[in-house]
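My numbering runs 4 ahead of the 1-based position in the sequence shown. All residues carry an ideal CB built from backbone N, CA and C; glycine is no exception.
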Amino acid sequence: MAKFVTIGERLSTTAPAVNRAFTSRDPEPILKRAKEQLDAGAVYLDVNIGPAESDGEDLMKWAVQLLQSEFDNVPLALDTSNTKAIEAGISVYNRSKGKPIVNSADAAGRIENIDLAAANDAIVIALCNGEGIAKDNDERMGYCQLLLERGLEHGMEAEDLWFDPLFLVVKGMQDKQMDILECIKMFSDMGLNSTGGLSNNSNGMPKHIRPIMDSAMVAMAMMQGLTSAIVNPCDLRLMETIKSCDVFKNNTLYADSYLEI
């Protein structure tokens, strides 16, 4: 019995308020967003500091220490293209509540993040793409095999590689959605963990429609074997769907009160 792992997405420099807070080292907006996500049921928090080319190492250390000191060593995903910043964050990370997640590696320019995760006993999100988005599941699974072999060669356990098929935007790529679900089933059939940025599928949709689409996608994906997702945990409809799917999949015991789930 293993419950679905939600990774809260709302600490990202793509949000202007978060970007300003990271830049100025203002803890209040960051702690507020973190608390909202944890109160809503997030398991991990994704800490996306952007490229952070000039001060990434200090910034990631600051963010990790701030969040873990305030929220009882909450587990974190360290999200940046700055490898040294990820290493710096891991150096001050307390793993008593869960291993750090390296977000992310791919089969092209970021493949060495597999090695980084292996060297630091971390989980890694392994994107099944190369220089661009894979054109079909044969290509996705080829990248999956490459990344898996790289991790195993460096001493990782297969369970610490979380494979990401890359959720695709429905508007413009509607005909590719079933391919993504089939790819998740392929991961599951191999006994592999999977994750991804779930809300990618609803990008560009009206705000009131996005929770509907995200909830439908997560239900379908969980039935195919998805074990985690990067989500907005403050989306009540989405979190209720995830909790309900965990019951149907026998990942958690049913109780009349959702407090027991």
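As an exercise, report each continuous beta strand (DSSP E) stretch of at least 3 residues that is fully enclosed by the segment 65-127, in chain order. 80-83 and 105-109
According to DSSP, L131 sits in a beta bridge with which residue or residues? Locating residue 131 in the sequence shown gives position 127, counting from the first residue. Note: L131 sits in a beta bridge opposite D168.
Pair within 7 Å by beta-carbon distance, D50 and D76: Mapped onto the sequence shown, residue 50 falls at position 46. Mapped onto the sequence shown, residue 76 falls at position 72. No, Cβ-Cβ distance for D50 and D76 is not below 7 Å.
By a C-beta neighbour count over all protein chains shown, 10 Å radius and 16 as the cutoff for buried, is A233 buried or exposed? Residue numbering aside, residue 233 sits at position 229 when the sequence shown is read from its first letter. Its Cβ being crowded by 16 or more others within 10 Å, A233 is buried.
Would you give the residue range spanned by the alpha helix (DSSP H) that L152 belongs to? As a working mapping, residue 152 is identified with position 148 in the sequence shown. Taken as a continuous stretch (DSSP letters only), the alpha helix (DSSP H) holding L152 covers N141 to E157.
Looking only at DSSP bridge pairs, what is V174 linked to? Your numbering for residue 174 matches position 170 in the sequence shown. In the DSSP output, where bridge partners are listed per residue, V174 has none listed.
Simplified DSSP state of V222, which is helix, strand or coil: Taking the first residue of the sequence shown as position 1, residue 222 is located at position 218. In this structure, V222 counts as helix in the three-state DSSP scheme.
By Cβ distance, which residues of its chain are closer than 6 Å to T231, with the 5 residues on each side in sequence left out? As a working note, residue 231 is residue 227 in the sequence shown. Excluding residues within five positions, the ones whose Cβ falls inside 6 Å are N197 and S198.
Closer than 7 Å to chain C by CB, G54: Included in the structure is just one protein chain, with no chain C present.
Where does the unbroken alpha helix (DSSP H) through T245 begin, and where does it stop? One-based indexing of the sequence shown puts residue 245 at position 241. Note, T245: alpha helix (DSSP H), L240 to F252.
Please report how far the alpha carbon of G146 lies from the alpha carbon of D119, in whole angstroms. As a first step, residue 146 is located in the sequence shown; it is residue number 142 there, counting from the start. As a first step, residue 119 is located in the sequence shown; it is residue number 115 there, counting from the start. Using only the alpha carbons, I get a separation of about 19 Å.
Taking DSSP as the reference, what is the three-state secondary structure of A233? Counted from its first residue, the sequence shown places residue 233 at position 229. Correct three-state label for A233: strand.
Here's the rule: buried if 16 or more other CB atoms are within 10 angstroms of the residue's CB, otherwise exposed. What is Y97? Indexing the sequence shown from 1 puts residue 97 at position 93. It counts as buried.
Could you please give the first and the last residue of the uninterrupted beta strand (DSSP E) stretch that includes N52? Walking along the sequence shown from the start, residue 52 turns up at place 48. Taken as a continuous stretch (DSSP letters only), the beta strand (DSSP E) holding N52 covers Y48 to N52.
Given that a residue counts as buried once 16 or more other Cβ atoms are within 10 Å of its Cβ, and exposed if not, what is R14? Taking the first residue of the sequence shown as 1, we reach residue 14 at position 10. Label assigned to R14: buried.
For the putative contact between A89 and I53, defined by C-beta atoms under 8 Å, what is the C-beta separation to the nearest angstrom? Sequence index remark: in the sequence shown, residue 89 carries index 85 (1-based). Sequence index remark: in the sequence shown, residue 53 carries index 49 (1-based). Sure, about 7 Å apart at Cβ, within 8 Å.
I need the DSSP call for N197, collapsed to helix, strand or coil. For the purposes of this step, residue 197 is identified with residue 193 of the sequence shown, where counting begins at 1. It is a strand residue.
Just list the residues that DSSP pairs T10 with in beta bridges. Reading the sequence shown from its first residue, position 6 is the one you call residue 10. T10 is bridged to A233.
Out of S85, S100 and D193, which has the shortest C-alpha to C-alpha gap to S73? For this step, residue 73 is matched to residue 69 along the sequence shown. Closest option to S73, Cα to Cα, is S100.
DSSP state of S16 mapped onto helix, strand, coil: Along the sequence shown, read from residue 1 onward, the residue named residue 16 stands at position 12. In this structure, S16 counts as strand in the three-state DSSP scheme.
Report yes or no: do the segment 192-212 and the segment 171-182 share at least 3 C-beta pairs separated by less than 8 Å? yes
So for A56, helix, strand or coil by DSSP? As a working note, residue 56 is residue 52 in the sequence shown. Three-state DSSP puts A56 in coil, outside helix and strand.
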